[in-house]
Each structure stands twice: as C-alpha cells, then as structure tokens.
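The structure appears below as structure tokens.
Chains as they are written, first to last, in the numbering used here: chain A, 1 to 347; chain B, 348 to 589.
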C-alpha cells in the first residue's frame with residue numbers, strides 16, 4: 001500500500017488549493033491582481049491538462065497551445081455563427097476539439113520522442129496559417145470578437161466569476177488526473193512512459209491508451225481555451241496558435257514535476273507569476289522571452305524531475321538517513337512487517 | 348496450444364535474418380531455440396510476438412493466425428515474453444511492474460484501482476515465488492541486474508500466459524541464480540506452462556529442455572531431444588565450424 005504520508009499529502013494539498021481559490025478574490029487588492037489570478041489559473045488548467053499526456057505517457061507535446069486555441073475559436077464561432085448560448089458553446093467546443101483530437105492523435109501518436117515533439121509543433125504552425133488565412137470564417141488577422149457571457153457585469157465582478165469558473169475546472173481536471181493515476185488504465189499509461197514496447201508485450205494496447213488519454217487531455221485543454229475566449233473576449237491567431245504557449249505549458253509542468261498531481265499547478269503559479277512580472281518589467285523588449293528561456297534552462301539542468309519530486313527526495317533523505325538503502329532491511333524483517341500489516345488490516 | 352511458424356521470412360535490407368523457417372513448439376514442453384550469434388533467434392522471437400512484421404510466412408498459436416498482429420494481441424492470445432537485454436519499467440516499483448501486466452478489460456474496469464487488494468496479493472505472490480518480495484516497494488531501476496531479470500519474469504507470469512518465450516534468461520546472471528532460474532522453469536512447466544527459451548548456456552539448455560530447435564542462418568537445421576541434438580553433426584558444424 002502507498003504510505004500514509006503519500007496518501008494524505010495530496011488530500012492536504014487539495015484542501016489548501018480549494019481554500020486558496022475561495023479566498024484569493026477577496027484578498028486581491030485590485031482588478032489587475034485578480035485578472036493575473038485568472039491568467040495563472042488558466043495556465044494551471046492548461047498545464048494540468050497537458051500532464052495527462054506528458055506526465056502519464058511521457059510524450060512531450062509542444063502543440064497543446066493549438067488545442068487551447070481551437071477550443072477558444074470553436075467557442076467563439078459557435079456563439080457568433082451558430083447563436084449558441086455561451087456556456088453551451090463552451091461545452092460543445094470541447095466535445096468538438098475532443099473529436100478532432102482523434103485524427104490528430106491518430107497521426108501524431110504514431111511517432112515517438114523527438115519526432116512527436118516536431119509533429120506537435122507542426123500542428124500549431126498549420127493551424128496558425130489556417131486561422132490567419134481563412135478570414136471569412138475566423139476573422140483572420142483582424143481577430144475574432146467573442147461576446148461576453150454576462151453583458152451587464154462590471155469588470156472586477158467579471159474577473160471574480162471567471163476566477164471561480166477556472167478554479168472549478170482546475171479541480172475537475174485534477175480530480176480526473178488523480179482518478180487515472182490510481183487506476184489500471186493509469187498504470188498502463190505509466191508503463192508506456194517507462195517502456196512502450198515492453199508495455200505492448202505485456203498485453204497493453206498502447207496505441208488505444210495513448211489516443212484515449214490524448215483525447216481527454218485535448219478536451220480539458222479546449223475547455224481552458226474556451227473559457228479564455230469567454231473571459232478575454234478577443235482572439236488573435238498569432239497568440240492563440242503560438243508555439244510559445246505550448247512551450248510555457250511544458251516549462252510549467254517540468255518545473256513543478258510531471259509525475260505529480262500538483263506539479264503542473266505549482267509550475268503554473270511560479271512561471272505564470274514570473275511571466276506577468278517579466279512582462280511588466282521588460283514587456284517593451286524581447287527580454288521577457290530571454291528570462292523565460294533562462295528559467296527553462298535552469299530547471300532542465302538542476303531539477304530535471306521538477307520542484308516537487310526534488311523537494312520530496314530531499315525531505316525523504318533527511319528524514320530516513322538510516323533507511324536510505326533498500327538493502328538495509330532484510331527480507332525476513334520485511335516479510336514479518338508485511339505479515340503484521342496484513343493481520344492488522346484483517347482484524 | 349502449439350506455437351507454429353510456416354515459411355517465416357524476414358530480411359533487413361540485404362541481410363536475410365529469417366529465411367523460410369518452419370518451426371513447431373509443442374505445448375507442455377520446455378523448448379529451446381539455439382544457434383550461433385546472428386542466426387536469427389531473436390528476430391524469430393520478434394516476428395512471433397509481433398514486435399516486427401515478417402515479410403512472408405505465417406505464425407499460428409493453437410491454430411489461430413497471429414501473423415503480423417500487434418504485440419498486445421499476441422500477448423492476450425497467451426504468449427508472454429522476456430527481452431534479451433532485460434526490460435523492466437525503471438521508475439515503477441517492483442510491485443507496480445508486476446501490476447502493470449494486469450489486463451484492465453473494459454473502460455470501467457480500466458478505471459478501477461490498480462492496487463486492488465486481490466491483484467496486489469497476486470502480484471506479491473509472484474514476487475515471493477521469485478524470491479524478491481522484500482523489494483516490492485523498491486523502484487526497479489534501483490535493483491540489481493539479476494533482480495531485474497526475476498522481476499521481468501514476475502511481470503510476464505502475472506499476465507498468465509500459457510506459453511512463455513525467454514530470450515537469454517541466463518545472460519549475465521551468477522551461477523546460483525542460474526540454478527534458480529532453471530529450477531523455476533521446470534516448476535512452472537510442471538504446472539502446465541510451455542516454454543521456448545533462446546539461450547547460449549548449453550549446460551542450462553541441455554539440463555532443462557525437452558525439445559531443442561537449432562537455428563543456423565535464419566532457418567532450423569535440426570530439431571529433437573537434447574541427447575539427439577548433442578550428437579548431431581550439423582549442429583556441431585554450425586556451432587564449432589568443423
């Protein structure tokens with residue numbers, strides 16, 4: 001069984017996160033800070049959605065920005081062209097993107113490693129061209145104005161509502177990730193990450209697994225993108241289909257730790273705040289991109305597993321100095337210990 | 348169930364790795380597949396288990412055609428395998444390595460806990476049987492080579508195959524472990540599992556096999572019980588070049 005600390009730690013972190021989401025809007029001193037909070041939560045949902053693919057299967061997608069962009073545009077177009085109510089459009093858009101993710105995943109997931117990364121970048125570039133040139137539908141480079149879902153609402157209240165909507169979506173994404181993490185399906189996905197051929201040879205239909213989790217990931221990503229469209233109200237292909245978006249998502253997930261439920265959230269808070277800060281400080285120059293690049297370099301060099309696993313390993317080392325090696329407990333000791341645990345569980 | 352190939356052929360560019368192999372492995376036996384390096388033994392395994400598609404020929408298991416089917420289909424038909432350079436899931440614990448072989452069945456089954464008590468007990472049972480239960484919660488990457496080989500076998504057994512292909516089970520293991528692997532194969536065979544073993548250690552092959560197939564240049568040149576193979580001149584020629 002997983003140890004007690006590993007079972008209760010996520011629960012504690014989850015309670016903390018819910019409390020933070022509930023309290024933050026009333027603590028935010030002004031609408032700008034509140035809107036930054038919305039942006040950070042948007043990143044948190046995107047990074048968590050990305051982690052369905054990246055964390056479980058180890059496939060590094062730089063194309064998730066495009067899935068969010070598709071979600072945004074689909075939501076906007078369903079409202080403006082099909083006259084659907086805002087939130088009906090949002091859900092319909094997510095389903096649409098999930099359906100689109102089937103052929104996309106079918107093509108992209110056939111290749112592994114660096115090839116998959118390149119295919120995922122190609123997706124972004126192709127969609128950028130499509131949405132820029134197909135201006136009769138998408139508005140092209142002039143952008144697409146998405147009507148607000150709450151027309152009469154004042155700006156601070158609008159931010160507050162969307163902060164909670166994003167908070168709810170984040171919790172839903174986290175709950176789903178947690179459910180998969182402990183499931184047989186999740187075990188199969190992790191086996192794919194560790195050794196795909198080996199997983200196949202043990203009977204796991206790896207392609208179907210990868211495709212399924214890619215579709216789930218795309219649906220959550222599209223929901224985040226759609227919410228963004230409803231919140232921000234204006235979509236521009238250059239920003240919606242940007243390789244940078246996907247890179248930031250990967251940076252966040254890697255920084256926090258991809259094999260951890262809350263890793264991407266932590267990464268989104270750190271990198272999201274850093275991005276806002278860099279933009280305020282160096283926004284008029286390309287320097288904010290340089291600083292972000294530096295951050296990515298530092299993470300990859302010094303914490304390749306991310307902050308949470310690195311800290312957890314450190315704590316573990318400090319706490320169990322005596323039991324640091326797996327060989328220091330004898331087989332007989334462990335068998336005895338296990339027998340006692342079983343008896344305790346049965347009684 | 349009989350594992351059978353007919354006219355199996357696989358070439359990599361100009362190199363013909365398997366050249367029209369007709370082989371039959373009877374159920375209930377410990378079969379061995381021997382031959383010089385480069386004679387096509389591992390390619391044969393890979394063609395049979397679907398890791399690579401053969402250029403021509405047929406693979407059947409119990410009469411069912413498995414030619415060119417995906418590896419997971421072959422695995423689900425009841426053929427398990429280990430790899431020449433032992434493969435485990437490095438960052439999963441030993442018990443999770445074994446649990447990864449549980450088949451989820453349908454969608455709802457897939458969402459069930461991977462650590463259900465009965466499955467976990469069964470996984471621990473296999474680890475115990477192979478003598479590595481004390482490492483259940485250790486990550487596979489921290490285990491020794493020999494322990495990883497045993498772990499790999501535990502995973503394969505968890506999937507409950509009727510036929511198990513072992514690719515060089517004795518490679519790089521110490522004599523004590525070699526004995527244990529030999530004994531284990533005989534025990535598991537006595538419980539009804541069929542084995543096909545690719546192996547260079549002739550002592551092991553001769554002591555545990557019922558039936559030996561000798562490969563040379565991509566096709567079988569001899570087949571029979573150990574005593575017969577030992578005396579076969581073609582085998583001596585292929586192996587020793589006399």
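By construction, the Cβ of each residue, glycine as well, lies at the ideal position given by its N, Cα and C atoms.
Quiz item: To which residues of the same chain is residue 82 (chain A) closer than 8 Å at the C-beta, ignoring the five residues directly before and after it?
Solution: 89
Practice problem: Please work out which residues of its chain come closer than 6 Å, Cβ to Cβ, to residue 548 (chain B), disregarding the five sequence neighbours upstream and downstream, and give them in chain order. | Solution: 517
Self-check item: Boundaries (first-last residue) of the alpha helix (DSSP H) holding residue 54 (chain A)
Solution: 31-57
Quiz item: Can you list, in chain order, the stretches of the alpha helix (DSSP H) that have 4 or more residues and sit fully within the stretch 153-215 of chain A?
Solution: 155-181, 184-194 and 196-201
Quiz item: If we ignore side chains and look at the alpha-carbon of each, how far apart do residue 236 (chain A) and residue 461 (chain B) end up?
Solution: 44 Å
Quiz item: So does the stretch 89-99 of chain A actually touch the stretch 215-229 of chain A, counting three or more Cβ pairs closer than 8 Å?
Solution: yes
Exercise. Note down, one range per segment and in chain order, each alpha helix (DSSP H) of at least 4 residues found wholly within the stretch 98-158 of chain A.
Key: 113-133 and 135-138
Quiz item: If residue 544 (chain B) and residue 426 (chain B) are in contact, beta carbons under 8 Å, what's the gap, nearest whole angstrom?
Solution: Incorrect: roughly 14 Å between the Cβ atoms, too far for contact.
Quiz prompt | Coarse secondary structure for residue 420 (chain B), derived from DSSP in three states | solution = Here residue 420 (chain B) sits in helix by DSSP.
Quiz item: Any idea what DSSP makes of residue 363 (chain B), helix, strand or coil?
Solution: strand
Quiz item: Does the stretch 42-49 of chain A touch the stretch 263-282 of chain A, meaning 3 or more C-beta pairs lie closer than 8 Å?
Solution: yes
Exercise. Compute the Euclidean distance between the alpha carbons of residue 411 (chain B) and residue 213 (chain A), then round it to the nearest angstrom.
Key: 31 Å
Quiz item: When the Cα atoms are used, what is the spatial distance from residue 585 (chain B) to residue 387 (chain B)?
Solution: 13 Å
Quiz item: From this set, A:66, A:147, A:76 and A:178, which residue's C-alpha is nearest residue 458 (chain B)'s C-alpha?
Solution: A:178
Quiz item: Relative to the alpha-carbon of residue 164 (chain A), which residue among A:126, A:316 and A:35 has its alpha-carbon at the smallest distance?
Solution: Minimum Cα-Cα distance from residue 164 (chain A) among the listed residues A:126, A:316 and A:35 corresponds to A:35.
Quiz item: If we ignore side chains and look at the alpha-carbon of each, how far apart do residue 234 (chain A) and residue 72 (chain A) end up?
Solution: 10 Å
Quiz prompt | Cut-off 6 Å between Cβ atoms - residues of its own chain near residue 64 (chain A), not counting five sequence neighbours on either side | solution = 50, 221, 246 and 249
Exercise. Take the Cβ of residue 201 (chain A) as the centre, count every other Cβ of all protein chains shown within 10 Å, and call the residue buried at 16 or more, exposed below.
Key: buried
Quiz prompt | Sub-8 Å separation of residue 576 (chain B) and residue 559 (chain B) beta-carbons | solution = yes
Quiz item: In chain B, what lies closer than 8 Å to residue 351 (chain A) by C-beta?
Solution: An answer regarding residue 351 (chain A) cannot be provided, because it is not within the stretch 1 to 347 covered by chain A.
Practice problem: Please classify residue 355 (chain B): does DSSP put it in a helix, a strand, or coil? | Solution: strand
Quiz item: Which ranges would you report for the beta strand (DSSP E) in the stretch 489-541 of chain B if only whole runs of at least 3 residues count?
Solution: 510-514
Self-check item: Continuous alpha helix (DSSP H) stretch holding residue 465 (chain B): start and end
Solution: Residue 465 (chain B): member of the alpha helix (DSSP H) spanning 464-476, first to last residue.
Practice problem: Report yes or no: do three or more beta-carbon pairs, one from the stretch 178-195 of chain A and one from the stretch 447-458 of chain B, lie closer than 8 Å? | Solution: yes
Quiz item: Looking at chain A, which residues of the stretch 438-460 of chain B have a Cβ within less than 9 Å of any of its Cβ atoms?
Solution: Those would be 438, 439, 443, 444, 446, 447, 448, 449, 450, 451, 452, 454, 456, 457, 458, 459 and 460, in chain order.
Quiz prompt | Option in A:209, A:309 and A:12 with minimal Cα separation from residue 453 (chain B) | solution = A:209
Exercise. Identify every residue that forms a DSSP beta bridge with residue 407 (chain B).
Key: B:351 and B:412
Quiz item: Just how far apart, CA to CA, sit residue 323 (chain A) and residue 332 (chain A)?
Solution: For residue 323 (chain A), the pLDDT reaches just 49, beneath the cut-off of 50, and the residue's location in the model is therefore unreliable, although a value from the coordinates is still provided. Whole-angstrom Cα-Cα distance: 16 Å.
Quiz item: By how many angstroms is the C-alpha of residue 570 (chain B) removed from the C-alpha of residue 102 (chain A)?
Solution: 48 Å
Practice problem: Mind the definition here: the stretch 140-151 of chain A touches the stretch 21-28 of chain A only if three or more C-beta pairs lie below 8 Å; say whether that holds. | Solution: Not touching, per the Cβ criterion.
Quiz item: Could you give the C-beta distance for residue 354 (chain B) and residue 369 (chain B), rounded to a whole number, given that I count them as a contact under 8 Å?
Solution: Rounded, the Cβ-Cβ distance is 7 Å, consistent with contact.
Quiz item: Along the stretch 392-416 of chain B, what residues have a CB closer than 9 Å to any CB found in chain A?
Solution: Cβ contacts with chain A come from 396, 397 and 398.
Quiz prompt | Selected residue, minimal CA-CA separation from residue 402 (chain B), among B:359, B:432 and B:501 | solution = B:359
Practice problem: Have a look at residue 336 (chain A) and residue 529 (chain B) and give me their C-alpha separation to the nearest angstrom. | Solution: Answer to the nearest angstrom: the Cα atoms are 28 Å apart.
Exercise. Measure how close the beta-carbons of residue 309 (chain A) and residue 259 (chain A) come, nearest whole angstrom, since I'm counting them as under 8 Å.
Key: 7 Å
Quiz item: CB-CB under 6 Å to residue 58 (chain A), same chain, minus the five flanking residues each way: which ones, in chain order?
Solution: 193
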